[in-house]
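Visitor: Sending over a structure as structure tokens; questions will come in a sec.
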Amino acid sequence: MRIATWNVNSIKQRIENLVAWLKERQPDVVCLQETKCVDDSFPREPLESLGYNVAIHGQKTFNGVAILSKFPFDEVKPRLPGDDGDEQARFIEATISAGGRIVRIASIYLPNGNPVDSEKYPYKIRWMERISHYVSETLKLEEPLILAGDYNVIPAAADVHDPAAWIEDALFRPQTREKFRSITNLGLTDALRATTDAPGLYTFWDYQAGAWQKNNGIRIDHILLSPQAADRLVTTGIDRHVRSWEKPSDHVPVFADLAIG
DNA sequence: ATGGCCAATATGATTGGA
175 MRIATWNVNS IKQRIENLVA WLKERQPDVV CLQETKCVDD SFPREPLESL GYNVAIHGQK
235 TFNGVAILSK FPFDEVKPRL PGDDGDEQAR FIEATISAGG RIVRIASIYL PNGNPVDSEK
295 YPYKIRWMER ISHYVSETLK LEEPLILAGD YNVIPAAADV HDPAAWIEDA LFRPQTREKF
355 RSITNLGLTD ALRATTDAPG LYTFWDYQAG AWQKNNGIRI DHILLSPQAA DRLVTTGIDR
415 HVRSWEKPSD HVPVFADLAI G
């Protein structure tokens, strides 16, 4: 099974690039973030005609997550548990059966958290605590579990072009990295870092200030695996060439191949 | 990492993103 994640920064603006990339990379499952549209106007048809089942959880203007899967969905659940008052569409979970095995997949769009002296940072931290709780509960199922998405977390200095410039930022400040480690320390494997130690592997380049041309990037899109999934990890990749296409997202797809299904 | 961008909103200035 090939599973990927991509923050598309508007599904409507990116549908042509998404279709082109799906044909090229042929993923079985794709977690999308920042779809930025309500469920009724999500462009399902071009994806369904490529053979994907489509599960969506969107809202007007902002956020929005989705899962595409060539395997049928057994169960789909939007919303991260732990705060019924949270109206932001940042989480959807689905289970599929692949190779006679239940696989649980979540598409995650973790809050940015900037500026750190606003309410946005405590919201990010609370969201990370909710993910922690979800992970500790879900790992008890001992299933292959894949949490893929835009975490808005730079895990380590090797994951940013200029670490010093980011040290106060909500994506990289020590408290954020500490919280991220507390999540992975529950027993999750960062798929990319399980397959390579190379520095300079980025998934996001800002539209501004020539960031792409200068390779001024950061790695914030991650595929995290439960032990039952990590044991079947074969390889990973980042499709950075997609950033140079016409009308690009500021993020590029990340994928992992698992020996499942 | 801010000068420089992009998307959504009923539209032209504001908000959000990272």
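Each number in the working numbering corresponds to the 1-based position in the first sequence with 174 added.
The beta carbon of each residue, even a glycine, is placed where N, CA and C say it ideally should be.
Short of 8 Å in beta carbon distance, which residues of its chain neighbour Gln262, apart from the five on each side in sequence? Order them along the chain.
Guide: On the first sequence, position 88 is the one that residue 262 refers to. Closer than 8 Å at the Cβ level, and outside the excluded window around Gln262, lie Gln233, Phe236, Asn237, Pro285.
Visitor: Roughly how far, in whole angstroms, is the beta-carbon of Ile328 from the beta-carbon of Ile282, given that I think they are within contact range, below 8 Å?
Guide: For the purposes of this step, residue 328 is taken as residue 154 along the first sequence, with counting starting at 1. For the purposes of this step, residue 282 is taken as residue 108 along the first sequence, with counting starting at 1. Not a contact, Cβ separation roughly 16 Å.
Visitor: In chain order, which beta strand (DSSP E) runs of at least 3 residues are fully inside the region 317 to 344?
Guide: List check, beta strand (DSSP E) in window: 319 to 324.
Visitor: Just the C-alpha distance for Glu198 and Asp291, rounded to the nearest angstrom, thanks.
Guide: The count along the first sequence starts at 1 and reaches residue 198 at position 24. The count along the first sequence starts at 1 and reaches residue 291 at position 117. Using only the alpha carbons, I get a separation of about 42 Å.
Visitor: Can you name the residues that DSSP bridges to Leu362?
Guide: Along the first sequence, one-based indexing puts residue 362 at 188. Looking at the DSSP assignment, Leu362 forms no beta bridge with any residue, so it has no partner.
Visitor: Rank Ala178, Trp195, Glu190 by C-alpha distance to the C-alpha of Val203 and give the top, closest one.
Guide: Residue mapping note: residue 203 aligns to position 29 of the first sequence, counting from 1. Closest by alpha carbon: Ala178.
Visitor: By the three-class DSSP mapping on this structure, what secondary structure does Lys298 have?
Guide: Along the first sequence, read from residue 1 onward, the residue named residue 298 stands at position 124. Three-state result, Lys298: helix.
Visitor: According to the neighbour-count rule (16 or more other Cβ atoms, all chains shown, within 10 Å of its Cβ), is Tyr226 buried or exposed?
Guide: The count along the first sequence starts at 1 and reaches residue 226 at position 52. Under this definition Tyr226 is a buried residue.
Visitor: Report the partner residues of Glu267 according to the DSSP bridge assignment.
Guide: By one-based count along the first sequence, residue 267 stands at place 93. In DSSP, Glu267 forms a bridge with Lys251, Ala280.
Visitor: Among the residues of its own chain, which have a CB less than 6 Å from the CB of Val250, if the five just before and after it don't count?
Guide: As a position in the first sequence, residue 250 is number 76, starting the count at 1. Once the five neighbours on either side are set aside, the close Cβ partners of Val250 are Ala229, Ala268.
Visitor: In whole angstroms, give me the CA-to-CA distance for Ala338 and Ala331.
Guide: Against the first sequence, residue 338 aligns to sequence position 164. Against the first sequence, residue 331 aligns to sequence position 157. Each residue's alpha carbon lies about 9 Å from the other.
Visitor: Which whole-angstrom value is the C-beta distance of His425 and Asp405, which I expect to be below 8 Å?
Guide: If you number the first sequence from 1, residue 425 lands on position 251. If you number the first sequence from 1, residue 405 lands on position 231. Wrong, their Cβ atoms sit about 28 Å apart, outside the cutoff.
Visitor: Considering only the alpha carbon of each residue, which of Leu206, Lys298, His307, Asn359 lies closest to Gly256?
Guide: If you number the first sequence from 1, residue 256 lands on position 82. It is His307.
Visitor: For Ser418 versus Arg188, is the C-beta distance shorter than 9 Å?
Guide: Looking up residue 418 in the first sequence gives position 244. Looking up residue 188 in the first sequence gives position 14. Their beta carbons are not under 9 Å apart, which means Ser418 does not touch Arg188 by this criterion.
Visitor: Tell me, please, whether the region 343 to 355 touches the region 290 to 305 by the rule of three or more beta-carbon pairs shorter than 8 Å.
Guide: yes
Visitor: Nearest-angstrom Cα distance between Tyr295 and Met302?
Guide: Taking the first residue of the first sequence as position 1, residue 295 is located at position 121. Taking the first residue of the first sequence as position 1, residue 302 is located at position 128. One Cα belongs to Tyr295, the other to Met302, and the distance between them is close to 11 Å.
Visitor: Pull up the distance between the alpha-carbon of Asp260 and that of Lys298, whole angstroms please.
Guide: Here residue 260 corresponds to residue number 86 of the first sequence, with the count starting at 1. Here residue 298 corresponds to residue number 124 of the first sequence, with the count starting at 1. Roughly 12 Å separates the two Cα atoms.
Visitor: Give every residue of the same chain whose Cβ lies closer than 7 Å to the Cβ of Ile434, excluding the five residues on either side of it in the sequence, and list them in chain order.
Guide: The sequence position of residue 434 within the first sequence is 260, counting from 1. Hits under 7 Å: Met175, Ala272, Gly273, Arg275, Val277, Pro318, Arg406.
Visitor: Kindly list the residues whose CB is nearer than 6 Å to the CB of Asp413, restricted to its own chain and excluding five residues on each side of it in sequence; keep chain order.
Guide: Counting from one through the first sequence, the residue named residue 413 turns up at place 239. The residues are Val426, Pro427.
Visitor: If we ignore side chains and look at the alpha-carbon of each, how far apart do Pro201 and Trp340 end up?
Guide: Here residue 201 refers to the residue found at position 27 of the first sequence. Here residue 340 refers to the residue found at position 166 of the first sequence. Straight-line Cα distance between these residues: approximately 33 Å.
Visitor: Could you pull the start and end residues of the beta strand (DSSP E) that Arg218 belongs to?
Guide: Reading the first sequence from its first residue, position 44 is the one you call residue 218. Note, Arg218: premise wrong, no beta strand (DSSP E); not H, not E.
Visitor: For Asn326, count neighbouring C-beta atoms within 10 Å of its own C-beta (all shown protein chains included) and say buried if the count is 16 or more, exposed if not.
Guide: Taking the first sequence and counting its residues from 1, one reaches residue 326 at position 152. So Asn326 ends up on the buried side.
Visitor: So which of Ile357, Ala240, Pro252 has the shortest CA-CA distance to Leu313?
Guide: The residue you call residue 313 lines up with position 139 of the first sequence. Residue Ile357 is the option with its Cα nearest to Leu313.
Visitor: Determine the extent of the alpha helix (DSSP H) in which Ala194 is found, giving its start and end residues.
Guide: In the first sequence, residue 194 corresponds to position 20, counting from 1. First-last of the alpha helix (DSSP H) with Ala194: 185 to 199.
Visitor: Check the DSSP bridge columns for Ser243 and list the partner residues they point to.
Guide: For the purposes of this step, residue 243 is identified with residue 69 of the first sequence, where counting begins at 1. For Ser243, which the question treats as bridged, DSSP gives the partners Val203, Asn227.
Visitor: Let me know if Gln382 comes out buried or exposed under the rule of 16 or more other beta-carbons within 10 Å of its beta-carbon.
Guide: Here residue 382 corresponds to residue number 208 of the first sequence, with the count starting at 1. Flag for Gln382 reads exposed.
Visitor: Relative to the alpha-carbon of Asn359, which residue among Pro246, Thr369, Ser400, Ser215 has its alpha-carbon at the smallest distance?
Guide: Taking the first sequence and counting its residues from 1, the one referred to as residue 359 is at position 185. It is Ser400.
Visitor: Between the beta-carbon of Ala240 and the beta-carbon of Phe216, is there less than 9 Å?
Guide: Locating residue 240 in the first sequence gives position 66, where the first residue counts as 1. Locating residue 216 in the first sequence gives position 42, where the first residue counts as 1. Yes, these two residues count as a Cβ contact at 9 Å.
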